Amino acid sequence: MAGPKTFYLTTPIYYVNDVPHIGHAYTTLACDVLARFKRLDGFDVKFLTGTDEHGQKVEKSAEKAGIAPQAFTDRVSQNFRDLVSLMNYSNDDFIRTTEPRHVASVQALWKVLEERGEIYLGAYAGWYSVRDEAFYGEDELTTTPTGKKIAPTGAECEWVEEPSYFFRLSAWQDRLIAFYEANPDFIAPASKRNEVMAFVKSGLKDLSVSRTTFKWGIPVPGNDAHIMYVWLDALANYITAVGYPNTAEGSEFAQRWPADLHMVGKDILRFHAVYWPAFLMAADLAPPKRVFAHGWWTIEGQKMSKSLGNVIAPETLVNTYGLDQTRYFLLREVPFGNDGDFSHKQMVARVNGNLANDYGNLVQRVLSMIGKNCGGVVPTPGPFTEADNALLGAAHGLLDVVRAEIDAQAFHKALDALWAVIGDGNRYVDEQAPWTLKKTDPARMATVLYVLAETIRHLAILTQSVMPDASAKILDQLALGPDARGFGTLGPAGALVAGTPLPTPQGVFPRFVEPTAE
RNA sequence: GGCAGCGUAGCUCAGUGGUAGAGCAGGGGAAUCAUAAUCCCUUGGUCGGGGGUUCAAAUCCCUCCGCUGCUACCA
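Numbers 4 to 521, taken from my numbering, label the letters of the first sequence in order.
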């Protein structure tokens, strides 16, 4: 029998030398929400994140710390595993590029590329700055009167040639363009797609894929003097994690590859949208289905930078505003794909306005009335009026709308749609005035509160992926068990059963109160 | 420099040919179930400047001003 539909999505592997900040948290958060949503929607999901642990910088940092590179990465990669528990990520795997499974995978990929004639040994030549550890293009340099070449950074450059393996990227230009044109949704957002296509159309040069200047990396099979260029190493993590090089029928690779989505920051889009599909096609493997490049966060209107000292640790946000509040803010505040600004003022506005007042208070006022006026059980509804059916219809219609937005990674629009129904719910409470019905028509009050409870059930089930903890608390208060929280229970089929005892309601989204100055 | 995009209410943005919109902020009112949380009404814009096409332009064209991204090998 055919299993459930699969969904494989990945974050970039984070460079282990970095300290996790809001940007890392954001990328993985977006994936986490997608992964949770897809699981609730019945998919067999694999959600991968991990750390990129090779390269010259790691080698040097380890040296500076006075320990072996492996011991160094063992230590610092913990920062990113800590981020997982802090942010409540639900990844199914955490890959490290120093793991044996990955070394084997990358070397296998290399051999395939070499056998197919996609990699050749040549020489990499260019103007190199020892101080900057970087090559510069001729047009970037200025020439002094004495004929010295000076980099934009002011460092002196020398002409360097070193043997290097090259990937025949230039041969893939036309096939990449054809691929983009045949798959218009491969790169998102659309503006980024245009940039990538312009880049490819401007002409591709063969890509240097090995180095001889450092040792901390995966050796080229059959030529230990060469270490694989980090991007070939890093990108291949996505196939390692599904078992490459085992691509046999029935293998995990056969089941899950190509990946449904690679989520990346906009700075590394090119590697994922140009080099990676070229590597894969060259190895006769399918390119991923989609690469989404999201934007950057500024802090109170300023770029994040170490020198400004305004880098925000995710832990600070979680401790200050709450975990689900932070998750909500990051996805609601900015159209996904755009750059965004984090400000305390906006965060408080979201926490208090959207969460405490709109959503939290709707839940609280309804559950509280049920608790006090319906004997603490799910009330028994009578016949539905037009207004009842309008609200229920809006709730029942949410899944299709939200699913479409989530599938397009339009998290902000998905949340907009949910909040529209929250607004409908609050309006309905005021119009129906159950506190008045309590005296005039208790049976009608029961119907109104039932309709509201049903609406809240839909909202809480659909907010689970963004706010897992808070949504679980609401579902607990509706006495819905683990089996009653998937999207399959949405709609009338999974409706609340009258008479079910409910626990005493408790607030889920506290207001943010400014700490009083000492 | 080249290519692409943006500039709409105090703020964040939606609106791509047919009488200017949303949320938040501001003002007024109602209600009292609820975390003083909600609901209703409302102030506010010559849609960056100028020119053009059209019966009709925020929307199409030209031009100017301002801002942003991309223009390959640190990851």
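Heads up, the beta-carbon is just placed ideally off N, CA and C, and yes, glycines get one too. All of these numbers come straight from a predicted model, not from anything done at the bench.
For residue i, does the three-state DSSP call read helix, strand or coil?
{"i": "Met-90", "result": "helix"}
{"i": "Gly-400", "result": "helix"}
{"i": "Thr-100", "result": "coil"}
{"i": "Ser-346", "result": "coil"}
{"i": "Met-231", "result": "strand"}
{"i": "Val-432", "result": "helix"}
{"i": "His-297", "result": "strand"}
{"i": "Ala-411", "result": "coil"}
{"i": "Pro-437", "result": "helix"}
{"i": "Leu-499", "result": "coil"}
{"i": "Gly-491", "result": "helix"}
{"i": "Asn-226", "result": "strand"}
{"i": "Ile-425", "result": "helix"}
{"i": "Cys-377", "result": "coil"}
{"i": "His-24", "result": "coil"}
Would you please state the rounded distance, in angstroms, between the beta carbons of residue i and residue j? I believe it to be under 8 Å.
{"i": "Arg-460", "j": "Leu-499", "result": "6 Å"}
{"i": "Phe-345", "j": "Ile-302", "result": "5 Å"}
{"i": "Thr-503", "j": "Val-381", "result": "4 Å"}
{"i": "Leu-172", "j": "Lys-208", "result": "7 Å"}
{"i": "Ala-550", "j": "Cys-377", "result": "In the structure as shown, the chain begins at 4 and stops at 521. Residue 550 is therefore absent and cannot be evaluated."}
{"i": "Phe-274", "j": "Leu-238", "result": "6 Å"}
{"i": "Trp-130", "j": "Ala-285", "result": "Actually they do not touch by this definition, with Cβ atoms about 29 Å apart."}
{"i": "Asn-249", "j": "His-105", "result": "Actually they do not touch by this definition, with Cβ atoms about 14 Å apart."}
{"i": "Phe-295", "j": "Phe-414", "result": "Contact flag wrong, Cβ pair sits at about 11 Å."}
By Cβ distance, which residues of its chain are closer than 7 Å to residue i, with the 5 residues on each side in sequence left out?
{"i": "Tyr-232", "result": "Ser-211, Val-212, Ser-213, Arg-214"}
{"i": "Glu-521", "result": "Model confidence at Glu-521 stands at a pLDDT of 41, short of 50, so the residue's coordinates are unreliable; what they give is reported in the following sentence. Result list for Glu-521: empty, nothing under 7 Å."}
{"i": "Leu-333", "result": "Tyr-29, Leu-32"}
Taking the alpha-carbon positions, what's the residue i to residue j distance?
{"i": "Pro-103", "j": "Ala-352", "result": "48 Å"}
{"i": "Gly-426", "j": "Ala-398", "result": "12 Å"}
{"i": "Asp-55", "j": "Lys-114", "result": "21 Å"}
{"i": "Pro-317", "j": "Thr-147", "result": "46 Å"}
{"i": "Asp-287", "j": "Asp-177", "result": "16 Å"}
{"i": "Asp-403", "j": "Glu-161", "result": "60 Å"}
{"i": "Pro-200", "j": "Trp-299", "result": "The sequence given here has Met at residue 200, not Pro. Rounded to the nearest angstrom, the two C-alpha atoms are 22 Å apart."}
{"i": "Lys-292", "j": "Pro-386", "result": "48 Å"}
{"i": "Leu-481", "j": "Asn-392", "result": "21 Å"}
{"i": "Gly-58", "j": "Val-511", "result": "45 Å"}
{"i": "Glu-184", "j": "Asn-226", "result": "38 Å"}
{"i": "Ile-25", "j": "Met-90", "result": "11 Å"}
{"i": "Ala-128", "j": "Ser-167", "result": "9 Å"}
{"i": "Leu-283", "j": "Asn-322", "result": "42 Å"}
{"i": "Ala-501", "j": "Pro-495", "result": "13 Å"}
{"i": "Gly-125", "j": "Pro-72", "result": "29 Å"}
{"i": "Thr-13", "j": "Gly-379", "result": "44 Å"}
{"i": "Glu-118", "j": "Ala-407", "result": "43 Å"}
Just to confirm my understanding: we take residue i, look at its own chain, exclude 5 residues before and 5 after, and list those with CB closer than 6 Å. What are they?
{"i": "Tyr-11", "result": "Lys-49, Arg-259, Ala-262, Asp-263"}
{"i": "Asp-35", "result": "Tyr-92, Ser-93"}
{"i": "Ala-463", "result": "Ser-474, Ile-477, Leu-478"}
{"i": "Gly-489", "result": "Leu-43"}
{"i": "Met-4", "result": "Confidence is the limiting factor: at Met-4 the pLDDT is only 42, short of 50, which leaves the residue's position unreliable, though a coordinate-based value still follows. Hits under 6 Å: none found."}
Ordered along the chain, which non-local residues of its own chain (more than five positions away) have a Cβ less than 8 Å from that of residue i?
{"i": "Thr-76", "result": "Val-19, Thr-54, Glu-56, Val-61, Ala-65, Arg-99, Thr-101"}
{"i": "Ile-153", "result": "Leu-144, Thr-145, Thr-146, Thr-147, Glu-159, Cys-160"}
{"i": "Trp-422", "result": "Asn-357, Asp-361, Tyr-362"}
{"i": "Leu-311", "result": "Gln-305"}
{"i": "Asp-342", "result": "Gly-298, Trp-299, Trp-300, Thr-301"}
Is residue i buried or exposed, if buried means 16 or more other CB atoms sit within 10 Å of its CB?
{"i": "Trp-438", "result": "exposed"}
{"i": "Ser-308", "result": "exposed"}
{"i": "Lys-8", "result": "exposed"}
{"i": "Ile-180", "result": "exposed"}
{"i": "His-229", "result": "buried"}
{"i": "Thr-507", "result": "exposed"}
{"i": "Val-245", "result": "buried"}
{"i": "Glu-336", "result": "buried"}
{"i": "Val-516", "result": "exposed"}
{"i": "Val-22", "result": "exposed"}
{"i": "Tyr-453", "result": "buried"}
{"i": "Gln-81", "result": "exposed"}
{"i": "Thr-2", "result": "Given a span of 4 to 521 for the chain in the structure shown, any question on residue 2 remains unanswerable."}
{"i": "Tyr-123", "result": "exposed"}
{"i": "Gln-412", "result": "buried"}
{"i": "Lys-151", "result": "exposed"}
{"i": "Gln-110", "result": "buried"}
{"i": "Asn-364", "result": "buried"}
{"i": "Leu-112", "result": "buried"}
{"i": "Gln-305", "result": "exposed"}
{"i": "Gly-497", "result": "buried"}
{"i": "Lys-204", "result": "exposed"}
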